[in-house]
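Q:
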Amino acid sequence: MVPVFLAQWMKEKRSPYMVLIFISISIAAALLFGSNMDIKLKIDTFRGEGVTVEEAERWIDRLNESGAFIFSLRAEEESLADVRQGRSDMAVRLLKDDYRIIAVMESTNVELVQQHMQAVYHEEFRIMAAASHAEDELEFREAMKTYMEQPPLKLQSSTSSGSELRSYDMRLQLLFGFSLFLAMLTVGFRVNAMTAEKISGIWNRVILSPLTKTEMYLGHLTYSTLIGIVQITMVFLLAKYLFGFSLGHSFGMLAMIVVLYTMTIVAMSMLFTGILRTPEQFGAIFTSIVPIMPLISGAYMPPGTITNDVLLFIGQFLPLQHALDALIGVSIYEQGWTDIYLPLAKLLLMAVIFFGVGINLVERRRL
Amino acid sequence: MLETVELSKSFKGKTVVDGVSLYLDQGESVGLLGPNGAGKSTTISMISSLLAPTHGDVLLRGKSVIKHPQDIRRVLGVVPQEIALYEELSAYENLQFFGRIYKLKKTALESKIQEVLEIVGLRERQKELIKTFSGGMKRRINIAAALLHNPQIVIMDEPTVGIDPQSRNHILDTVRYLNLEKGTTVLYTSHYMEEVEQLCKRMYIMDHGKVIASGTKEELGRILSSEDTILLQLDAYDDAFIEEIRSLDPVRQVERTDQGLKLIIAKQSRVLSSIVQSAERHSVQLINMHVHTPSLEDVFLHLTGRTLRD
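One line per chain: the protein sequences are A and B, in this order.
Residue 360, in my numbering, is where the first sequence stops; the numbers in between run on with no holes.
Residue 330, in my numbering, is where the second sequence stops; the numbers in between run on with no holes.
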């Protein structure tokens, strides 16, 4: 086993670029796409008939107090021209006690803006209605603001372990998603080296040596697993210590998930190796299928975005989805072993099945 | 020492090797000749225990290799037809790997690597990557990798295919050295008749999965002892000319060559004047004509009706 392992390592040493590039891409993608998640959507507004500048600005201040949008006042012609030419999704016409959203097509953003504006207008009208009964409207508003800062009832949320509930960190999910995805490619190409060795005749030479087949498989598969673990671990360490990502406190559990996930993707690559006949076929088909996996697993989208039953069903058969669930559970929600045993058990089951079928197919095939 | 008994192999109903029986005595150098697709590589795979035969057995000192593959693997070095090396590693690193799989200890491995590099003449280039080597140099390292564990039997599957003359000569010298100096038993497969003639005392000729002739050079040569070979160098000729030559009574076989025709004729027959007359009748310019005793290549042509390189 050791000579096979060392030969793979020597090849890696000679050309470590793939692993290094994938480590860089994992972090860069998480930083790049993760930072986009914090950017607020800019919405142009313009005054409708009979609305003064002061009234419009007051509504804009109210709308900007909360939510994921920045409303700004612009000229009607410019705002509408931008919508018409596709430079912006929508524009908002402010009316007396009402508004209109102008968009060329329905989208999630339009729905979110509609929800936000409806909530703000609804609240403001209730305050206005209450203020109309007060003697001094300004004083009433001030009193209400003070009252809301110290409400009689406070709702406090915490995690299942009693610690503070942290807001969902999309950057962290992206970091996990990209690093798990790119590890699949690294591991896949390492496992594919076995097929290349079969075709080049190295495999037969090794069979003729005192080395057993079990040792040959172990050498290859141990190396592939280890290189996958090293790649993911390096991404996590760099993300934590260099870029300040918060990975939670259970490093042992994260390590366990990473080890189990890497073993499962090695097994999955073995299955692909068994099904596909040549390294070229593997290179073409594996690299076409693997990028779809994070999409189906929802790795790039906020939780709950994927609602399609078919996609959710397919996702159950993808190691990435279960590893992602477990990693997010441990690092964001501070879950324990009892909370993540199910995704880990599924990963283990997949590893056993994929290895069994994959090695069987590889052994049956005569190159 | 090594013997195959009625060895056969079929793939999906198609018989690739059909009842091959051959033997190798200790220290002998034996050639296995045949055109592409004759079944040489499949026979080698079965002898080396890589492939199980459909029928028959391989015996090493009387013991079945099929039942005890480890026995032959200990004493066998196989040089495959393909370059079975890691292109990304250096010659030294490749040999280090192949030495390690034979469980050679560090000091022994180091001295053995230097020894085999010396044999194949690439000691000075050991630190260079295989992917930077020429085809001939790769083939020499391919051979070196099979010699690390001091094999008693070496099987070489067409080790000189597609290489430059210098590397080819080096490989032939290596085979001679292994056989004559070190007493290694060699089974050498090739479709280059002259290589086998130079290196091997005995040979087997295979075609369509069967051994069609075997023996020493002299024994095989006697197959055509009652024939002569005529090489005709012609500028241009047509099928009608070939048919007329073929119809001449002493002519047994006609084969096209790069420069004209090769005829196998009954020994000492008076056919030359008829050939010249035919050439004149068909306006074929006869540039040269050479009569000689048949070579092993001619024997192969006689036995199979085609040349080794077909």
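Ideal Cβ placement from N, Cα and C applies to all residues, glycine included.
As the structure is a prediction and not an experimental result, all values here were calculated from the model.
My output table needs one value for residue 323 of chain B: the three-state DSSP class, helix, strand or coil.
A: Helix, per DSSP.
Q: Using a threshold of 8 Å, state whether the C-beta atoms of residue 1 of chain A and residue 216 of chain A are closer than that.
A: In contact: residue 1 of chain A and residue 216 of chain A (Cβ atoms closer than 8 Å).
Q: If you check the beta carbons only, do residue 283 of chain B and residue 307 of chain B fall under 8 Å apart?
A: Not in contact: residue 283 of chain B and residue 307 of chain B (Cβ atoms no closer than 8 Å).
Q: Here's a check: name, in chain order, each residue in its chain whose Cβ is nearer than 7 Å to the Cβ of residue 360 of chain A, leaving out the five neighbours to either side.
A: Unreliable positioning characterises residue 360 of chain A in this predicted model, as indicated by a pLDDT of 47, which lies under 50. The coordinate reading is nonetheless provided below. So the qualifying residues of the chain are 191, 192.
Q: Hey, could you find the ends of the alpha helix (DSSP H) residue 65 of chain B is sitting in?
A: It spans 60 to 67 - the alpha helix (DSSP H) in which residue 65 of chain B sits, taken as one unbroken run.
Q: Please determine, among A/255, A/235, A/169, A/61, the residue with the shortest C-alpha to C-alpha distance to residue 22 of chain A.
A: If we check each option's Cα against that of residue 22 of chain A, A/169 comes out closest.
Q: Give me, in chain order, the residues of the same chain whose beta-carbon lies closer than 8 Å to that of residue 243 of chain B; leave out the 5 immediate sequence neighbours on both sides.
A: The residues are 233, 319, 322, 323.
Q: With 16 other CB atoms within 10 Å as the buried threshold, where does residue 153 of chain B fall?
A: Buried, because 16 or more other Cβ atoms sit within 10 Å of the Cβ of residue 153 of chain B.
Q: Rank B/40, B/228, B/271 by C-alpha distance to the C-alpha of residue 56 of chain B and give the top, closest one.
A: Checked all of B/40, B/228, B/271; the closest Cα to residue 56 of chain B is B/228.
Q: If I measure Cβ to Cβ from residue 248 of chain B and keep anything under 6 Å in the same chain, skipping five residues before and after, which residues do I get?
A: Answer for residue 248 of chain B: 285, 287, 311, listed in chain order.
Q: DSSP has residue 308 of chain B in a bridge; who is on the other side?
A: Residue 308 of chain B pairs with B/253.
Q: Taking buried to mean at least 16 other C-beta atoms within 10 Å of its own C-beta, is residue 179 of chain B buried or exposed?
A: When all chains shown are included, residue 179 of chain B counts as buried.
Q: What is the DSSP secondary structure of residue 198 of chain B, counted as helix, strand or coil?
A: In this structure, residue 198 of chain B counts as helix in the three-state DSSP scheme.
Q: Which term fits residue 14 of chain A, buried or exposed, when burial requires 16 or more other beta carbons within 10 angstroms of its beta carbon?
A: Burial call: exposed.
Q: Against chain A, does residue 58 of chain B count as a neighbour if the rule is that its beta carbon must be under 8 Å from one of theirs?
A: Not an interface residue.
Q: Residues of chain B with CB closer than 8 Å to the CB of residue 195 of chain A, please, in chain order.
A: Ordered by position in chain B, the residues that pass the 8 Å Cβ test against residue 195 of chain A are 104, 105, 106.
Q: What residue from A/327, A/241, A/172, A/225 has the CA that sits closest to residue 286 of chain A's CA?
A: Answer by Cα proximity: A/172.
Q: Rounded to the nearest angstrom, how far is the Cβ of residue 53 of chain B from that of residue 309 of chain B, given a contact under 8 Å?
A: Not quite, the Cβ-Cβ distance comes to about 28 Å (not below 8 Å), so this is no contact.
Q: Could you tell me which of B/290, B/295, B/289 sits nearest to residue 263 of chain B, measuring between CA atoms?
A: Selected option, being the one with the closest Cα: B/295.
Q: Closer than 8 Å, CB to CB, is residue 112 of chain B near chain A or not?
A: Answer no: the Cβ-Cβ gap between residue 112 of chain B and chain A never drops below 8 Å.
Q: In three-state DSSP terms, what is residue 96 of chain A?
A: Strand at residue 96 of chain A.
Q: Interface residues of chain A around residue 334 of chain B at Cβ under 9 Å?
A: There is simply no residue 334 of chain B to check, as chain B begins at 21 and stops at 330 in what is shown.
Q: Given a cut-off of 8 Å on the beta-carbon distance, is the pair residue 209 of chain B and residue 177 of chain B in contact?
A: Contact flag set, yes.
Q: Tell me the rounded alpha-carbon separation between residue 252 of chain B and residue 102 of chain B.
A: So the alpha carbons of these two residues sit roughly 37 Å apart.
Q: Might you give, ordered along the chain, the residues of its own chain that have their beta carbon closer than 8 Å to the beta carbon of residue 102 of chain A, omitting 5 neighbours on each side?
A: Once the five neighbours on either side are set aside, the close Cβ partners of residue 102 of chain A are 34, 82, 83.
Q: Comparing alpha-carbon positions, which option in B/25, B/43, B/72, B/260 lies nearest residue 224 of chain B?
A: Selected option, being the one with the closest Cα: B/43.
Q: From residue 290 of chain A to residue 118 of chain A, what does the alpha carbon distance come to, in whole angstroms?
A: One C-alpha to the other measures close to 43 Å.
Q: Can a CB atom of chain A be found closer than 8 Å to the CB of residue 109 of chain B?
A: Output row for residue 109 of chain B: interface = yes.
Q: If residue 228 of chain A and residue 19 of chain A are in contact, beta carbons under 8 Å, what's the gap, nearest whole angstrom?
A: About 4 Å separates the two Cβ atoms, so the contact holds.
Q: Less than 8 Å separating the beta-carbons of residue 174 of chain B and residue 78 of chain B?
A: Contact flag unset, no.
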